[in-house]
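Structure, as structure tokens:
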Amino acid sequence: MSEKLRREKLAIEGGKPVKTTPNLPMFPGGLEIGQEEKKAVLEVLDHKYLFRYYGPEEFSSRVKLLEEEFAKKIGVKYALAVNSCTSALITSLIAVGVGPGDEVIIPGYTFFASCAAVIAARAIPVIAEVDDSLTLDPEDLERKITPRTKAVMP
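In the numbering used here, the protein residues as written are 16 to 169.
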């Protein structure tokens with residue numbers, strides 16, 4: 016380490032900061048909320064239709080409308096809205112028949128929801144190594160496949 020670097024104060028100690036621009040918001044979607052979105056939320060609140068499967072009959076579920084519009088847009092018969100990616104993973108695993116005693120191979124480098132979804136589907140997560148690209152190592156994946164392997168979640 017150079018002598019100059021050792022002598023300079025850290026920014027936290029009054030030295031010059033390396034980065035001077037503000038950080039971008041982690042989830043910038045909130046910056047896009049405008050009057051149209053506010054109106055839609057207030058409409059749901061005003062009609063007291065807060066839940067997916069019940070509410071006033073004269074006011075359609077906004078979730079149901081979203082599902083219908085999305086299914087139409089992508090050209091499929093059905094679409095199911097969920098509250099999170101974890102719920103989507105669980106729903107997908109169950110939809111393809113993953114269940115008790117089945118094994119699902121997941122990468123060792125992943126978000127914990129991958130493993131949690133497998134467990135929620137009552138299956139067994141099998142962790143495979145990742146390669147230099149930080150994705151599933153094809154050779155280790157092949158070694159981990161057994162007669163009980165039902166799915167691979169890359």
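Cβ atoms here follow ideal geometry from the backbone N, Cα and C, with glycine treated the same way.
Item	Value
Three-state class that DSSP yields for T101 in the structure shown	helix
Candidates L80, E82 and V141: closest to L156 by CA position	V141
Candidates H62, V167 and V78, of which the one nearest P71 by Cα	H62
Proximity winner among K31, I139, S129 and G44, relative to G114 (alpha-carbon distances)	I139
CA-to-CA distance, C130 to C100, given in whole angstroms	13 Å
Cα-Cα separation, L60 to L104	29 Å
Environment of V91 [buried if 16+ CB atoms lie within 10 Å]	exposed
For I134, the nearest candidate out of E73, E118 and E28 (CA to CA)	E118
Beta strand (DSSP E) segment containing I139, residue limits	I139 to A143
Coarse secondary structure for K165, derived from DSSP in three states	strand
Same chain only: Cβ atoms within 7 Å of T150, ignoring 5 sequence neighbours per side	P122 and P169
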